[in-house]
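Here the structure is laid out as structure tokens; the discussion comes afterwards.
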Amino acid sequence: MTMLLEARNLCFSYPRKSIWKDLDLSLGRGEIVFLRGVNGSGKSTLLRCLAGQLRPREGEIRFLGTPLFSLARKDLAGLSLVPDVPAFYDDLTGREHFELVSRANGDDEAERRALALADAFRLSGALDALPSALSRGMRYKLALSLALAMRPQVLLLDEPFAPIDADAARALGEELGKLSAEGSAVLLSIHGSVPTCVPTRTVLLGEGGLHEEVA
Amino acid sequence: MDGRVMAALRIRARHLRRDLDWLLWVVGTSTDDARSFLGAWYLAYVVAVGVAWAVLSWAALEHFAAGLLASLPAVLTLMPLGLALGAWCAAALVRALQALRRSPFRLLASDISWLSGSRSALAAMMVSDVVSRCAGACALGVLAGLLATSGMVFELRTWATALSALAGLCTALLPCVIAEARLVREKADASPAGALLLAVVAACALAASAVLLRVPAVPEAVLFSLALSLVASFVILGRNVCMPALACEAVLGTEPSTMRWLRLTNRALHRELVRSSRLERRGILFKLPLGGCGWRALVSRAVLVHLRRFEGLADILLFAGVYVPLLGALCLGALGRELLVPGAALLLRNYHSARELVRVFDADEDNRLIRPFLPFGTLRLLVADSLPALLLSMLVSCLMCVAVLGRGGLAPQACVICALIDVAAVVCGGISRVVLPGVYRRMSFELTLFAVVAATCLVSLTGEWLAVAAVLAAFVLIGGAAVFLGHDVPL
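Sequence order for the protein chains is A and B. Just so you know, we're using this note's numbering here: the first sequence kicks off at 11 and counts up by one. Just so you know, we're using this note's numbering here: the second sequence kicks off at 150 and counts up by one.
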């Protein structure tokens, strides 16, 4: 299997607190991987490291075979993280976010896909408001629409099913299935089970590191 | 008295105490320190020094004003008082117009959640707010009246003080009455028209009192009648005001107490938060299509952001229209070399105005979700995002140089230097976001700007404007290359 994202011997610690060490993880084409772990086990930290937003103390991360931290941010378009609290431009509406990203990439299809996703997430009515006027769930749906519309090769989602409603969760499950069928890899942190989304495998982040969870 | 009303008054007292603490914070103490012996002594010392400073400053100010008034011809004796009343009239008009749109009452969200169950408690809170505001305006009026008649006879001073205090009272009451008139229950259609009429009548009365100052008994009669009618209107309308609507309006725009502390500890962040909350309040101002693809979309978006956050334009105009031409003129020796250091310090002290040029670029670099989707390197992103602001600042700088230095024949040289300083400020913004090759940490915007300004000032001592321009151009080229080669890292 072709590996899109590989992490080897990752160690991360905050001052006076080790989060995890000697952690190995790889994401291949078409995989949907659930990342489980108790609160505070370091799931969000791991996702941020894999997205290149935090630098691990030790170890190496490779994206499409290239060391992640040698890539410029413009070269990371294929690697997208939707954090648990996504940030937006506070002076642009949701629709203008879609417009900006698609126009900047010269890809009108991306805007059309984002609008369709927003419709599937029942967000269409709120697209002309500033992000500050949106609830947490709506902001998350906006971030999901944007990230999914760009069709990244690796999509990292931090607890995506927590803030959104049941209908949107169903739509998200379907979209993740489509993305996986197109060959992208998805890693998402999760606590409960999601009937609308079936993982290829599940990994558990605990005291001893990362383990495959046997079904 | 209703327990809720007592609670409202206690909350008002706590607000007053917090306001006092906010002032005392500057000198490193608070009302809580009064509980310890040493703390109480220090507090007493601070208060005594403050009172002495206020009394002595007032005496000096009055002495200065008396000297100034003595030099005026006898016909113009009452002119300062007329000006003071005119200022009250202008303030009343502005506040009244604001009150037609937004309530002048100040209630915190926590106040409303505590008191929302009781109409009488909310009314007590509102009345205490108005009373404290009226007391403050009257006190200010007394001081203005005394200052406007410094060195004159006692009777005249008493009369002027009473007039000014009455004008202050009317100015404080007018927006409250207008807000009440607008929010009266079951008369929604008639209320705005009535409020507008009231604003016009009151402003006319205040203006008449200022104009007819020399006619005996007229100004005091006009102001007294106006104050009386405003008090009566406030009481009568207060019984019929829609309290939930008033509470909703009162809580909007009231800055949280944490933000208020931030004003003292981190002014830049406080200003940013205040501007963001204003942006949220006023909603979407302009709808512009993001024309073009690629980098042109970024330029259109930058224009849109600057129009929506128009407060930032004032910073850009200040930087480009004042600080940069000043530094340019100093570098050319047009204003005297001894002012070079203060001029440079002024620009560096107001570095946040320069930072406004790269606001859009900073927002892009800070956004972890969207930045990877923008397929541009740091240098191209910097240029596209800063282009509208940079063009505006260069235009303003050059216009100012032509206007100020045109006669001396230094305008072309000043324009070149000022335009290069504007570009250098943008490059500083780019450098602050990348890790340069072979360097461990990023260089801050302030430090880079300081280095540029210091180098420019030092080279200007040679008296060669071409050398100054060459240094700035070299910085722009080398800085641009550094931004191109540097590695942009998220915060």
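For every residue, glycine included, the Cβ atom is placed at its ideal position computed from N, Cα and C. For clarity, every value in this text was computed on a predicted model and none was experimentally measured.
| Query | Result |
| --- | --- |
| Which residues does DSSP list as the beta-bridge partners of Phe73(A)? | Leu15(A) and Thr76(A) |
| Look at the alpha carbon of Asp32(A) and the alpha carbon of Gly62(A), and state the distance between them as a whole number of angstroms. | 18 Å |
| Using CA atoms only, rank isn't needed, just tell me which of Asp571(B), Asp513(B) and Gln247(B) is closest to Ala97(A). | Asp513(B) |
| Against chain B, with Cβ distances strictly below 8 Å, would Arg245(A) count as a contact? | The question about residue 245(A) has no answer, for chain A in this structure spans 11 to 225. |
| Tell me which residues share the same chain as Leu640(B) and place their Cβ nearer than 6 Å to its Cβ, disregarding the 5 neighbours each side in the sequence. | Confidence at Leu640(B) is low in this model, with a pLDDT of 48, below 50, so its placement is unreliable and the value that follows should be read with caution. Nothing meets the Cβ criterion. |
| Check whether the region 578-585 of chain B and the region 503-523 of chain B are in contact - that is, three or more C-beta pairs closer than 8 Å. | yes |
| Between which residues of its own chain and Ala352(B) is the CB-CB distance below 7 Å, once the five residues before and five after are set aside? | Cys238, Ala241, Leu242 and Ala245 |
| Check the Cβ-Cβ distances between Gly116(A) and every residue of chain B, and say whether any is below 8 Å. | yes |
| Could you check whether the region 469-484 of chain B touches the region 115-128 of chain A, counting it as contact only if at least three pairs of C-beta atoms, one from each stretch, sit closer than 8 Å? | no |
| For Leu140(A), which residues in chain B fall below 8 Å Cβ to Cβ? | Leu428, Glu429, Gly432 and Ile433 |
| So what does Leu89(A) bridge to, in DSSP terms? | Val164(A) |
| Could you tell me the distance, in whole angstroms, from the CA atom of Glu369(B) to the CA atom of Ala493(B)? | 52 Å |
| Going along chain A in order, which residues have a C-beta closer than 8 Å to the C-beta of Phe525(B)? | Lys84 and Ala114 |
| Return the chain-ordered list of same chain residues with a C-beta closer than 7 Å to the C-beta of His455(B), the five sequence neighbours on each side being excluded. | Gly461, Leu462, Pro537 and Ala538 |
| Which of the three DSSP states is assigned to Val43(A) in this structure? | strand |
| Could you say if the region 67-85 of chain A and the region 518-526 of chain B meet the contact criterion of at least three C-beta pairs nearer than 8 Å? | yes |
| Just the chain A side, please: which residues come within less than 7 Å of His636(B) by C-beta, in chain order? | Ala82 |
| At 9 Å on the CB atoms, spell out the chain B contacts of Ala97(A), in chain order. | Asp515, Asn516, Arg517, Leu518 and Ile519 |
| Could you tell me which of Gly183(A), Asp168(A) and Ser194(A) sits nearest to Phe131(A), measuring between CA atoms? | Gly183(A) |
| Flag Phe522(B) as yes if its beta-carbon sits less than 8 Å from any beta-carbon of chain A, otherwise no. | yes |
| Tell me, to the nearest whole angstrom, how far the beta carbon of Leu559(B) is from that of Ala469(B); I am working on the premise that it is less than 8 Å. | No, Leu559(B) and Ala469(B) are not in contact; Cβ-Cβ is about 18 Å, not under 8 Å. |
| For Val454(B), go through chain A and note every residue whose CB falls closer than 7 Å to its CB, in chain order. | Asp101 |
| Would you say Leu158(A) and Pro170(A) are within 8 Å of each other, going by their C-beta atoms? | no |
| For Ser36(A), go through chain B and note every residue whose CB falls closer than 8 Å to its CB, in chain order. | None at all; the shortest Cβ gap to chain B is about 21 Å. |
| Whole angstroms is fine: what's the gap from Ser232(B)'s alpha carbon to Asp534(B)'s? | Note that residue 232(B) is Leu in the sequence shown, not Ser. Roughly 47 Å between the two C-alpha positions. |
| Mind checking whether the beta-carbon of Ala463(B) lies closer than 7 Å to any heavy atom of the ligand SAH? | Inclusion of the ligand SAH in the displayed structure is not the case, the ligand content being empty and no account of it being possible. |
| What residues from the region 44-70 of chain A come within 9 Å of chain B, judged by C-beta to C-beta, listed N to C? | Arg58, Ala61, Gly62, Gln63, Leu64 and Arg65 |
| Would you kindly work out how many angstroms separate the C-alpha atoms of Phe129(A) and Lys151(A), rounded to a whole number? | In the sequence under discussion, the amino acid at residue 129(A) is Asp, which differs from the Phe named in the question. Approximately 10 Å, taken between the alpha carbons. |
| I'd like to know if Met160(A) contacts chain B, where contact means its C-beta is closer than 8 Å to some C-beta of that chain. | yes |
| Could you tell me whether the Cβ of Cys442(B) comes closer than 8 Å to any Cβ of chain A? | yes |
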